[in-house]
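Presented below is the structure to which this report refers.
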Amino acid sequence: MRSTIFRASCTVVTATGLVLLTAGTAAAHVSADAPGATQGGYSVVTFKVPTESDTANTTALTVTLPAPKSARTEPIPGWSSKIERNDKSEITAVTWTAEPGAPGVAPGQFQRFALSIGPLPTEGEVSFPARQTYSDGKIVSWDQPMGSDGSEPEYPAPTVTLAAPKSGDHHGGTDSEAADHESADTDDTARWLGGIGLALGLFAVALSLGNVIRARRS
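Just so it is clear: in the sequence shown, position 148 is 128 by this note's numbering, and no numbers are missing.
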């Protein structure tokens, strides 16, 4: 009985160790996340970059983009960013580089790089092949597609799943057009509040005059 329990316990421990090891390996990949991203829409894509090396820091990350019209990086202390374009002025990539004197991403750590882009492709998935550069000169390319059987390659390209656009969604606009709509809404609200304030002011003046007239009559 004790022998059976011991063997079962060993099996559970071994299986658990394998699961944790596999999870740790998968988590070490450069990955992309964009909750709520839709086909043809605008979204913020966040790239999670862990340093796998035990002796070198991550000092640069280059991500290939699907030629969006707009791409804006989020400021990160100690890092500079550069949007790259081809000879047709199409946005093709973005590169984040650790600034001189900055350590980058040390072994055992990770860094998130956020990018606002759009419009996204109209397919169900979009890949962002990435190139990770280390302080010792080593470069790791994360650009391999998933296997035809669904198996994950050794260096998978960061991939985001895109939801189908909802009925009535408008994805043809640019960031500037979206900003114009927000500005218009703000102006309308300001005018509405201003009208209410003016009406209240006139009411207060009328009430004050009425009190003065009644006081004189009395």
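A virtual CB, placed ideally from N, CA and C, is assigned to each residue, including glycine.
Query, Result
"Rounded straight-line distance, which links the Cα of residue 71 to that of residue 77", "18 Å"
"Length of the line joining the Cα atoms of residue 83 and residue 90", "12 Å"
"Residue 61 at chain C interface by Cβ criterion, 7 Å", "The structure shown contains no chain C; it holds only a single protein chain."
"Residue 43 versus residue 129: straight-line alpha-carbon distance, rounded", "26 Å"
"Short Cβ contact (7 Å threshold) for residue 18 with residue 142", "yes"
"Cβ separation of residue 45 and residue 27, assumed to be a contact under 8 Å, to the nearest whole Å", "With a Cβ gap of about 11 Å, residue 45 and residue 27 do not count as contacting."
"Nearest to residue 9 (by Cα), restricted to the options 69, 119 and 138", "138"
"Beta-carbon gap between residue 60 and residue 32 smaller than 7 Å", "no"
"Which of helix, strand or coil DSSP assigns to residue 85", "strand"
"Helix, strand or coil at residue 119 [DSSP, three-state]", "strand"
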